[in-house]
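K.L.:
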Amino acid sequence: MEGVNLLLVLLLVASSTILDGLILCRAMNSDILCDENEKNALIKFRHGFRNPSQSMIMLSWMLEQNCCNWKGVECDNTTGHVITLDLHQQFLQGEFGTYLLGLSHLRHLDLSQNDFLEALFPDFICKFKYLEYLNLYKTNFRGSIPECLGNLSRLQLLDLGHGLSLRVDSLQWIQHLSNMRILDLSGVDLSNAKTWLHDINFLRSLMELRLSSCQLPKLLPVFVNFTSLQVLDLSLNYLDVPFPSWLVNTSSQSLVYLNLKRSLLHGLLPNTAFGNMYSLRVLDLSDNSIRGKLPSFENMTSVTFLDISENSFEGKLPPTLPSKLKHLDLSFNHLEGTLARSIAQLRELVVLNVDWNSFNDSITERFLNFSDLRVLDFSSNSIILNISATWMPPFQLDIIGLKSCQLGTQFPQWLHTQKDFSFIDISDGDISDKVPDWFWNISPKVQHMNLSRNNFRGEVPQVTSRLASLEKLDLSQNNFHGPLPHFSSKMKMLILSRNSFNGAISPVCESLVMNNSLMFLDLSVNFLSGTLSDCWRYGNNLAVLKLGNNNLSGEIPHSFGYLETLRDLQLRNNRLSKNLPSSLKNLQELKSLDLSGNCLSGNISSFIRETSQKLMLLLLRNNKFDGNIPLQICQLKNLIILDLSSNALSGTIPKCVKNFLTLAGVEEFPSLVYGPYEEYRKDVMLMLKERGYNHNVFFAVIDLSDNHLSGEIPEEITTLVQLQILNLSGNNLTGAIPCDISKMQYLEALDLSWNYLSSFLPSSIVELSGIEVVNFSFNSLTGKIPIGGQFSTFENNSYFGNPELCGMPLSKSCLGHFSEDITHCNTPKKKDVQAIHQHEEDNWLDESSFYISMAIGFITSFWLFWATLLVKTSWRRAYMRYLNKMGNNIYVFVAIRLPNKHKPSKMKG
């Protein structure tokens, strides 16, 4: 005990001595006058800023005072020269003037988080040869970082992170900064610095290295020995290597912070990867492609932050996890097994996220004894929460993620204790209950609420005033009924689809007047009725609007034209009627339009001419549209679904369909599984399911069936090599099936039935290896049915109604002239077309010669006859007597025969 007291006395004496020294040093500094030239340099530097009065530091710079006493300025105690200028985080704007060159003895320069208005990086900084500390973090410089910085041999800290667009072509100059301890080039473009790791390896005293978001090139093999390194951040780069081997050796023993997030790491993680990291406190490997089982964390006794989310780790959790963990994120992996016993030991947890794994466990309240827990996410696992109704949790959560967890049929009563959450997701929880009234008032902070895919029932109260901060509300796929609720002024996403809401949509209009934030509105698959109110001028931020599968009637309102940011409009399966409003031409951001299953009418030509050229999905099926398909439809180069079926369209199929560049494989096919197109994918999957295509993949579709289209199938349609479904059935199409249809290798369904197609089935059609559905029935096709590949599996109903077709699977056999070699493509080739044109030209010459000869012969004979009569008198008299005799005979025949023919016959008594 005496030893402890003695130690305390010594510490007090030492601290008192140090404090006295600091006071004395400050007093000495106040007695030293700064150099007048340096004072003037500081004043001129201040004048270069637009807003110096915003800086509390610069407000203290009085001309009559000694500049060594100014805030942010420090002078040398002996010479009086300014050695420190610290203006960090003053949010100044202005020029980085050369006046600073007057401070030639600077050792410490910190101008971080000020704005130098995209000026070029100042080369004259290289002249501050005494600099030990240079911090220009977030100063909005641009251009190349000069190599002359390598001359600042005394530098111990260099922070140029997160400038505007700084770049470095080579880091060789950094080899000369042997005293460097802290280096931060985050956000600087190092894509051309191929030997960056080799160059930095010369900095033997380096303790902190931050190169986040530097576009670092592929990590080349090099021997690295950072014996002093404590902080390493290489996140958000393109390393494209397995876990770096040099991190596994002794160089990692001093590491405290390691961040390799989203750096394109892949492959297996060595089981001994963290075996030497005794001091490590923060480890972030998230958003990579690392696979295999989790390594042992046994030696990582100091770790408080562990994030390995969004990788491909598999297997069970290791027996023990670091007991000091505060942040544990294992989400989006393939981990399995039990969870409860592994987390029960982690008493200090603040964040626990295991979302999107395959854990299978039953968790009771005794495994959730975390007093500091703020984030709990068990979503998308097979977890049963077996918690009593009277449980009082020791924590107050901010994020509650229990999607797909089995919560029981009753509403979880323990949620009544949580008063401070901003996010809650209890979707897909098999709850069959009413939502208690207290839940709608529970947390004024809540921004995201998801109760979808349960069996909740009852009415939804007016949540406008109760949940004033709510931005996303998803109540879809439940049994809620009654009128639509009003929503808060901050609402951005409202999803009420697949319920039993009824009545008018007027509450939406009333809320829109007060809310211009709404971006996503889905009221589809309910029992809403009445007309679409003309109130949409207030929805100018809407990106997605879904009102399909209701009982809405009347016209599409003109105010839809105000929705200029709209990307997805879905009104299918209602009772909307009349023509499309001309205001729809204003929707130039539209990518998906579904008006199918209504009573809309009119000519579609004018609409298509003016519609958004960004359209990817155009579905107008089952309406009363008429007119031709205009050529302007080919301007929609991004189309991947075109459904105009079951209308009254006429004319021909435009040959310009080859301009559908996405379907033709010229433009990249969009990824529709995640991201902004996911909603389109869901809509299309539902549409295809209604049409009988039960697939879980996205389809590229052209469906023009059940119209009055005529003419031939254009050969150009075979250029759409990405097309998966082609349906032209129920039209008046004639001619042959295009010869090059075998080019459409992604085709899975082909329906050409109920047309007037003739000629043979092209033999190359059997090369469609992915085809699953074909229908050529009820046409006038002839010849032998090609056999091979998938075409050996189709039944006879695919060929019914073609009397001249023969061969398997039909019962009619092919005889004589229907031999194998006659089954060929009937579409003219290029040489054939040229021969036909030549033949037509030859025929034209023959016919012209014939008619010219006939005319000359007639004229010659005519004039020879009359000339002879004029010259020979006897021939002339004989000809006149002949004409006179013929005239008399005709007169007698008419006078005698015709009166008898018109007398009425006598009636018999």
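Counted the way mature numbering (1 follows the signal peptide of the UniProt record, and there is no 0) counts, the sequence shown spans residues -21 to -1, 1 to 888.
All C-beta atoms, glycine included, are put in the ideal place defined by N, C-alpha and C.
The structure presented is a predicted model; accordingly, all values stated were derived computationally and were not measured.
For Glu694 versus Asp730, is the C-beta spacing smaller than 8 Å?
P.N.:
No, the pair does not count as a contact, with Cβ atoms beyond the cut-off.
K.L.:
If contact is defined by three or more beta carbon pairs under 8 Å, each pair taking one atom from either stretch, is the segment 521 to 533 in contact with the segment 579 to 596?
P.N.:
No: the two stretches stay apart, fewer than three of their Cβ pairs being nearer than 8 Å.
K.L.:
With 16 other CB atoms within 10 Å as the buried threshold, where does Met833 fall?
P.N.:
Exposed: under 16 other Cβ atoms inside 10 Å.
K.L.:
Leaving aside the five residues before and after Leu190 along the sequence, list all residues of the same chain whose C-beta is less than 6 Å from its C-beta, in chain order.
P.N.:
Leu164, Leu213.
K.L.:
Quick check for students: name the residue ranges of the beta strand (DSSP E) that lie wholly in the segment 160 to 212, counting only runs of 3 or more.
P.N.:
Within the segment 160 to 212, the complete beta strand (DSSP E) runs of at least 3 residues are 161 to 163, 187 to 189, 210 to 212.
K.L.:
What does DSSP give as the partner residues of His313 in its beta bridges?
P.N.:
Partner(s): Glu293.
K.L.:
Just how far apart, CA to CA, sit Leu318 and Ile378?
P.N.:
The straight-line gap from Cα to Cα measures roughly 19 Å.
K.L.:
State the CB to CB distance for the pair Leu239 and Leu273, rounded to an integer number of angstroms; the pair is presumed to be in contact (CB under 8 Å).
P.N.:
Incorrect: roughly 16 Å between the Cβ atoms, too far for contact.
K.L.:
What residue from Leu736, Ser401, Met35, Cys54 has the CA that sits closest to His84's CA?
P.N.:
Here the closest residue by C-alpha is Cys54.
K.L.:
So, at 6 Å on beta carbons, what are the nonlocal neighbours of Met472 in its own chain, with the 5 sequence-adjacent residues on each side left out?
P.N.:
Excluding residues within five positions, the ones whose Cβ falls inside 6 Å are Lys451, Phe499.
K.L.:
Can you find the residues in the same chain that come closer than 8 Å, C-beta to C-beta, to Ser756, ignoring five residues on each side of it along the sequence?
P.N.:
Ser732, Trp733, Asn776, Ser777, Tyr778, Phe779, Gly780, Asn781.
K.L.:
Hey, Gly527 and Asn553: beta-carbon distance below 8 Å or not?
P.N.:
Yes.
K.L.:
Looking at C-alpha atoms only, which residue of Ser192, Phe349, Ser490, Leu259 is the closest neighbour of Leu226?
P.N.:
When only C-alpha atoms are compared, the closest one is Leu259.
K.L.:
Within the same chain, show all residues whose beta-carbon is closer than 8 Å to that of Ile869, passing over the 5 residues directly before and after it, in chain order.
P.N.:
There are no such residues.
K.L.:
Give me the residue from Leu307, Asn505, Phe678, Leu628 with the minimum Cα distance to Asp685.
P.N.:
Looking at the Cα atoms, Leu628 is the closest of the given residues.
K.L.:
So, are the CB atoms of Thr299 and Glu327 less than 8 Å apart?
P.N.:
Cβ distance not < 8 Å, so Thr299 and Glu327 don't count as in contact.
K.L.:
At the level of alpha carbons, what is the spacing between Gly76 and Leu137?
P.N.:
Roughly 20 Å separates the two Cα atoms.
K.L.:
Taking DSSP as the reference, what is the three-state secondary structure of His465?
P.N.:
Three-state DSSP puts His465 in coil, outside helix and strand.
K.L.:
In chain order, which continuous runs of the beta strand (DSSP E) of length 3 or greater are located wholly inside the segment 376 to 443?
P.N.:
The qualifying runs are 378 to 380, 402 to 404, 427 to 429, 436 to 438.
K.L.:
Under DSSP, the beta strand (DSSP E) around His245 begins and ends at which residues?
P.N.:
His245 -> beta strand (DSSP E) spans 245 to 247.
K.L.:
Which partner residues does Tyr112 have in the DSSP bridge list?
P.N.:
Answer is His87, Leu136.
K.L.:
Look at the Cβ atom of Gly714, then the Cβ atom of Leu683, and state whether they are nearer than 8 Å.
P.N.:
No. Outside cutoff.
K.L.:
What did DSSP end up calling Lys809 once you bin it into helix, strand or coil?
P.N.:
Any answer about Lys809 is weak, because its pLDDT of 45 lies below 50 and its placement is not dependable; what the coordinates show is given next. If DSSP states are grouped into helix, strand and coil, Lys809 belongs with the helices.
K.L.:
Give me the Cα-Cα distance between Leu285 and Ser265, rounded to the nearest whole angstrom.
P.N.:
The alpha-carbon atoms of Leu285 and Ser265 are separated by roughly 9 Å.
K.L.:
Pick from Val330, Pro301, Glu344: whose alpha carbon is nearest that of Gln324?
P.N.:
The residue with the shortest Cα to Cα distance from Gln324 is Pro301.
K.L.:
What does the alpha-carbon distance come out to for the pair Leu502 and Glu783?
P.N.:
If you take the alpha carbons of Leu502 and Glu783, they lie about 52 Å apart.
K.L.:
Which two residues bound the contiguous beta strand (DSSP E) that contains Asn238?
P.N.:
From DSSP, the beta strand (DSSP E) with Asn238 extends over 236 to 238.
K.L.:
Considering only the alpha carbon of each residue, which of Thr57, Tyr78, Leu21, Ala447 lies closest to Lys50?
P.N.:
The candidate whose alpha carbon is nearest that of Lys50 is Leu21.
K.L.:
Alpha carbons only, please: which of Leu598, Gly836, Ile405 is nearest the one belonging to His427?
P.N.:
Comparing Cα-Cα distances from His427 to each of Leu598, Gly836, Ile405, the minimum goes to Ile405.
K.L.:
Go ahead and pull the three-state DSSP assignment for Ile362.
P.N.:
Strand, per DSSP.
K.L.:
Can you say whether Leu688 is buried or exposed, counting buried as having 16 or more other CB atoms within 10 angstroms of its CB?
P.N.:
It is buried - the Cβ of Leu688 has at least 16 other Cβ atoms within 10 Å.
K.L.:
Considering just the uninterrupted stretch of the beta strand (DSSP E) at Ile472, what are its terminal residues?
P.N.:
As written in the sequence, residue 472 is Met, which differs from the Ile given in the question. Element bounds for Met472: 472 to 474.
K.L.:
If you draw a straight line from the C-alpha of Leu381 to the C-alpha of Ile403, how long is it?
P.N.:
If I take the Cα positions, the gap works out to 8 Å.
K.L.:
Can the beta-carbon of Gln441 be found closer than 8 Å to that of Pro464?
P.N.:
The answer is yes: Cβ separation under 8 Å.
K.L.:
How many angstroms separate the CA atom of Tyr217 from the CA atom of Leu314?
P.N.:
One C-alpha to the other measures close to 26 Å.
K.L.:
Could you name each continuous alpha helix (DSSP H) segment of 4 residues or more that falls completely within the segment 551 to 603, going from the start of the chain to the end?
P.N.:
As far as the segment 551 to 603 is concerned, its whole alpha helix (DSSP H) runs of at least 4 residues are 584 to 589.
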